[in-house]
Amino acid sequence: MPCIHEFGIIDSLEDYNEDKYEPKKYNCISVDDDFLTEIYHAGLKNKIKNLETFAHNVNRPFKGLAYCGITLIPTQSLKYFLDIIVETNLKYKSKELKMLIEKIFIAIKENKWMIHYGI
């Protein structure tokens, strides 16, 4: 089974449990780890490290995405996240990134947090 990163939308933070792996609950989409690693080292790293997030729960402020773990992406960080992924996809024209862009756009429109499950 390939290593993947999963991105979804949290309907309610009150229902979020950091001890459970629930990608179906958050309607997650997948991005292949090899691809994400490639674009990360090709320049995404310099931008994603400034993304204000939380590691595992809202009591642990973080920057970027937790490679091996859970990242919570608050609503106020989604526009920056969207801009990064759109800019990256101008070069790569990836179906996976297009799906991620659509997912981020929905989260922004609905004013909801996102979740990232690392590998």
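As numbered in this note's numbering, the sequence shown has no gaps in its residue numbers, which increase by one up to the final residue, 261. From the three backbone atoms N, C-alpha and C, an ideal C-beta is built for every residue, glycine too. Remember, it's a predicted structure, so these values are computed and weren't measured experimentally.
With fewer than 16 other Cβ atoms from the protein chains shown falling within 10 Å of its own Cβ, E164 counts as exposed.
For E148, no alpha helix (DSSP H) encloses it; the enclosing beta strand (DSSP E) starts and ends at 146–152. Y259: member of the beta strand (DSSP E) spanning 255–259, first to last residue.
Taking all protein chains shown into account, H147 has 16 or more neighbouring C-beta atoms within 10 Å of its C-beta and is therefore buried. Distances from the CA of D153 to each of M241, I215, Y222 were compared; the closest alpha carbon is that of I215.
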